[in-house]
Amino acid sequence: MSARVVAFVNFKGGVGKTSNVVNLAAAIAAFHGKRVLVVDLDAQCSSSLWLMRKAEWREHTEDPARTTVQVFLDGIQGTDRFDPAEAIVRGVPRGESGFSMLENLDLLPASLDLLQVEERLSPKSKEPYFRFLSNSLKPLRDEYDYIFLDCPPSFHSVTKNALFFARDIVIPYIPDFLSLSGFQMFAGLIHDFGEQVAAYKVGRLKSGVAAVVVNRYQKTGNVYDEGIGQLQMLLAHLKAEGRVREEAVVLDPPIRNCVRVAESPDRHLPVVLHAPMSIGSEDYFALSGAMIEHLSNL
49 MSARVVAFVN FKGGVGKTSN VVNLAAAIAA FHGKRVLVVD LDAQCSSSLW LMRKAEWREH
109 TEDPARTTVQ VFLDGIQGTD RFDPAEAIVR GVPRGESGFS MLENLDLLPA SLDLLQVEER
169 LSPKSKEPYF RFLSNSLKPL RDEYDYIFLD CPPSFHSVTK NALFFARDIV IPYIPDFLSL
229 SGFQMFAGLI HDFGEQVAAY KVGRLKSGVA AVVVNRYQKT GNVYDEGIGQ LQMLLAHLKA
289 EGRVREEAVV LDPPIRNCVR VAESPDRHLP VVLHAPMSIG SEDYFALSGA MIEHLSNL
């Protein structure tokens with residue numbers, strides 16, 4: 049059975065996208081025994097630096113062929129240098145002595161050179177620019193149960209590559225008024241792009257927004273609960289318009305605001321390893337099960 053490819057996207061930064069990717073991937077690998085690959089597509093390299101120590105990351109990414117950069121350079125230049133066997137870091141994170149802490153979790157890291165790649169990807173290229181990622185990583189689907197794509201906070205060419213490759217799209221979300229208005233526009237952009245590339249997906253299941261993950265939830269009065277209620281009403285409206293998939297849901301539970309989750313990147317550990325008894329670990333354990341069940345029913 050081939051991997052479920054899931055893109056985590058939002059054109060806003062600071063909404064918990066990388067936290068969702070890293071911590072859900074780790075929880076699914078640790079608690080459910082699934083093989084998971086995290087693909088870092090963000091030039092900020094946040095998921096790479098979360099799961100790798102800086103020295104390890106610097107050494108690994110000295111050669112762009114060992115990063116997601118090469119996936120796009122091959123498409124732009126017509127080369128074939130990307131080698132998953134060399135690029136993928138197996139069993140992340142690793143302890144001080146190099147031993148794997150989660151054998152089921154792998155990482156395809158990013159480098160800062162992704163900034164230059166974005167400028168060179170062009171809708172006018174001979175090969176459809178949005179197929180480069182799919183062309184390179186499609187063979188990996190037989191090796192994993194899940195492939196999680198950590199996208200940049202934009203709606204440019206790299207993100208569109210992820211949307212084309214993914215079967216399911218997850219939107220990390222913070223429940224406030226500004227996020228609500230942005231969510232409607234973003235869902236529309238995703239839908240419209242899907243329609244534009246539909247001809248290239250002959251024989252493939254149609255992709256689309258499958259779920260929303262609520263982050264930094266706080267039980268402070270009714271503000272957050274009201275925000276989630278408004279989000280659910282908007283989701284129902286978008287379903288009626290055909291702008292998101294009929295099965296799209298706000299996944300439960302929301303991820304509560306947790307200092308242990310905030311500490312985890314500095315420790316280069318997912319929260320389930322950094323603070324296994326924390327509310328953050330508890331939430332991600334529950335959310336990982338909810339996500340597996342939801343995706344299996346789509």
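Numbering (our numbering), first residue to last: 49 to 346. Glycine is no exception: its CB is placed at the ideal position from the N, C-alpha and C atoms.
Excluding sequence positions up to five away, which residues of its chain have a Cβ less than 6 Å from the Cβ of Arg-83?
Position 35 of the sequence shown, counting from 1, holds the residue named residue 83. Excluding positions up to five away in sequence, the list reads Asn-152, Tyr-192, Asp-193.
If the criterion is Cβ atoms closer than 9 Å, does the pair Val-297 and Ala-75 meet it?
Here residue 297 refers to the residue found at position 249 of the sequence shown. Here residue 75 refers to the residue found at position 27 of the sequence shown. No; because the gap between Cβ atoms is not below 9 Å, this pair is not in contact.
With a 10 Å radius around its C-beta and 16 neighbouring C-beta atoms as the bar for buried, classify Ser-344 as buried or exposed.
Numbered from its first residue, the sequence shown carries residue 344 at position 296. It counts as exposed.
Between Pro-141 and Leu-99, which are expected to be in contact by the criterion C-beta below 8 Å, what is the C-beta distance as a whole number of angstroms?
Numbered from its first residue, the sequence shown carries residue 141 at position 93. Numbered from its first residue, the sequence shown carries residue 99 at position 51. With a Cβ gap of about 5 Å, Pro-141 and Leu-99 count as contacting.
Using C-beta distances below 6 Å, list every residue in its chain close to His-322, excluding the 5 sequence neighbours before and after it, in chain order.
The sequence position of residue 322 within the sequence shown is 274, counting from 1. Ser-312, Arg-315, listed in sequence order.
Beta-carbon separation of Val-63 and Ile-222 under 9 Å?
Sequence index remark: in the sequence shown, residue 63 carries index 15 (1-based). Sequence index remark: in the sequence shown, residue 222 carries index 174 (1-based). Cβ atoms of Val-63 and Ile-222: closer than 9 Å.
Is Ile-136 helix, strand or coil by DSSP?
Numbered from 1 along the sequence shown, position 88 holds the residue referred to as residue 136. Ile-136: coil per DSSP, three-state reduction.
Ala-135 beta carbon less than 9 Å from that of Arg-101
Along the sequence shown, read from residue 1 onward, the residue named residue 101 stands at position 53. Along the sequence shown, read from residue 1 onward, the residue named residue 135 stands at position 87. In this structure, Ala-135 does not lie closer than 9 Å to Arg-101 by Cβ.
How do the region 253-265 and the region 210-220 stand: do at least 3 beta-carbon pairs fall below 8 Å, yes or no?
yes
Are the beta-carbon atoms of Ser-184 and Val-119 separated by less than 9 Å?
As a working mapping, residue 184 is identified with position 136 in the sequence shown. As a working mapping, residue 119 is identified with position 71 in the sequence shown. Their beta carbons are under 9 Å apart, which means Ser-184 touches Val-119 by this criterion.
Report buried or exposed for Tyr-332, applying the criterion of at least 16 other Cβ atoms within 10 angstroms of its Cβ.
Working through the sequence shown from its first residue, we reach residue 332 at position 284. By the neighbour-count rule (16 or more Cβ atoms within 10 Å), Tyr-332 is buried.
On a Cα-Cα basis, can you pick out the residue from Ile-303, Leu-211, Leu-155, Glu-274 that is closest to Ile-238?
The residue labelled residue 238 in the question sits at position 190 within the sequence shown. Among Ile-303, Leu-211, Leu-155, Glu-274, the Cα nearest to that of Ile-238 belongs to Leu-211.
Does Val-307 come out as helix, strand or coil in the three-state DSSP assignment?
Counting from 1 along the sequence shown, the entry for residue 307 is found at position 259. Collapsing the DSSP output to three states places Val-307 in a helix.
Whole angstroms is fine: what's the gap from Val-86's alpha carbon to Arg-189's?
On the sequence shown, residue 86 is found 38 positions in, with the first residue counted as 1. On the sequence shown, residue 189 is found 141 positions in, with the first residue counted as 1. Their backbone Cα atoms lie some 12 Å apart in a straight line.
Can the beta-carbon of Leu-89 be found less than 9 Å from the beta-carbon of Asp-198?
What you label residue 89 is simply residue 41 of the sequence shown in a count that begins at 1. What you label residue 198 is simply residue 150 of the sequence shown in a count that begins at 1. The answer is yes: Cβ separation under 9 Å.
Whole runs of the alpha helix (DSSP H) within the region 97-169, excluding any shorter than 4 residues
102-109, 116-125, 132-135, 162-168
Span of the alpha helix (DSSP H), counted from its first residue to its last, around Phe-212
Mapped onto the sequence shown, residue 212 falls at position 164. Start and end: 205-213.
Could you give the residue range of the beta strand (DSSP E) that holds Phe-196?
Along the sequence shown, one-based indexing puts residue 196 at 148. It spans 194-198 - the beta strand (DSSP E) in which Phe-196 sits, taken as one unbroken run.
Candidates Phe-130, Ala-334, Ser-202, Asp-161: which alpha carbon is nearest Gly-61's?
Taking the sequence shown and counting its residues from 1, the one referred to as residue 61 is at position 13. With distances taken between Cα atoms, Gly-61 lies closest to Ser-202.
Less than 8 Å between the CB atoms is what I'm expecting for Arg-304 and Ile-327, so what's the real figure, rounded?
Locating residue 304 in the sequence shown gives position 256, counting from the first residue. Locating residue 327 in the sequence shown gives position 279, counting from the first residue. Sure, about 5 Å apart at Cβ, within 8 Å.
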